[in-house]
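Structure record follows, encoded as structure tokens.
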Amino acid sequence: STTRYEAETSPAVCTGTIDANWSGYSGSGFCNGDNAAGAYAQFTVNASTAGTATVSVRFANGTTTDRHADLVVNGSTVQTVSFPGTGAWSTWGIKTATISLAAGSNTIRLNPTTTGGLANIDYLDVTTP
Ligand code: GCU
Ligand code: CA
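Quick note on full-length UniProt numbering: the sequence shown kicks off at 572 and runs consecutively.
Structure follows, in structure tokens:
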């Protein structure tokens with residue numbers, strides 16, 4: 572099944588502001604991370620059993636430069652994800668990754684490694700078998 576975790580909904584954390592000035596987001600807003608390395612968006616997601624999960628990140632990047640973030644699962648960086656330009660801040664794209672989750676509660680953090688910061692982050696969809 573698939574569960575949606577909105578970036579603006581606690582216990583999610585956004586090192587920045589929850590904004591709603593660019594249209595097309597889901598829920599009541601999106602995470603506009605500070606444009607700084609380490610200014611992250613973090614989600615707490617549940618998995619009923621340990622195993623592989625697909626995570627789909629909805630994002631917008633109104634610049635023409637890719638933004639990169641480490642994908643940190645339960646404190647360990649498992650891969651680096653790129654968020655290419657979507658053409659406008661109000662145009663949203665989906666980036667998908669496959670990760671392993673533990674049974675129960677897991678943290679998934681998108682942690683930008685450069686001063687460019689994150690793309691704007693709308694939500695995470697987590698699909699478990
Ligand atoms: C603009 C835009 C923000 C975005 C920021 C950025 O300020 O309005 O939504 O987060 O650029 O470059 O990160
Ligand atoms: Ca930003």
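Even for Gly, the Cβ is constructed at its ideal location relative to N, Cα and C.
Remember, it's a predicted structure, so these values are computed and weren't measured experimentally.
In the DSSP assignment, what are the bridge partners of residue i?
i      : result
Ser653 : His639
Leu695 : Tyr576, Val628
Thr684 : Partner(s): none; Thr684 has no beta bridge.
Gly622 : Leu672
Ser661 : Answer is none; Ser661 lacks a bridge partner.
Ser647 : Val644
Ala612 : Cys585, Leu681
Thr667 : Ser627
I need the boundaries of the beta strand (DSSP E) containing residue i, first residue and last residue.
i      : result
Asp590 : 587-590
Asn603 : 601-604
Got a sec? Which residues, its chain only, sit under 7 Å from residue i by beta carbon, not counting five neighbours each side?
i      : result
Ser599 : Glu579, Ala591
Ala624 : Ala618, Ile670, Leu672, Val697, Thr698, Thr699
Tyr576 : Ala583, Phe614, Val616, Tyr694, Leu695, Val697
Ala668 : Val626, Leu642, Gln650, Val652
Taking 6 Å as the limit between beta carbons, can you name the residues of its chain near residue i, skipping five residues before and five after?
i      : result
Thr685 : Ala608
Can you find the residues in the same chain that come closer than 8 Å, C-beta to C-beta, to residue i, ignoring five residues on each side of it along the sequence?
i           : result
Thr648      : Asp641, Leu642, Asn682
Ser597      : Arg575, Glu577, Arg629, Asp693, Tyr694
residue 722 : As shown, the chain starts at 572 and ends at 700. That puts residue 722 outside it, with no answer to give.
Does the segment 621-630 come within contact of the segment 677-692, defined as at least 3 CB pairs closer than 8 Å?
Cβ pair count under 8 Å is three or more, so yes.
The segment 608-624 in contact with the segment 674-686 per 3-pair CB rule at 8 Å:
Using a Cβ-Cβ distance cut-off of 8 Å, the segment 608-624 and the segment 674-686 are in contact, since at least three pairs of beta carbons, one from each stretch, lie closer than that value.
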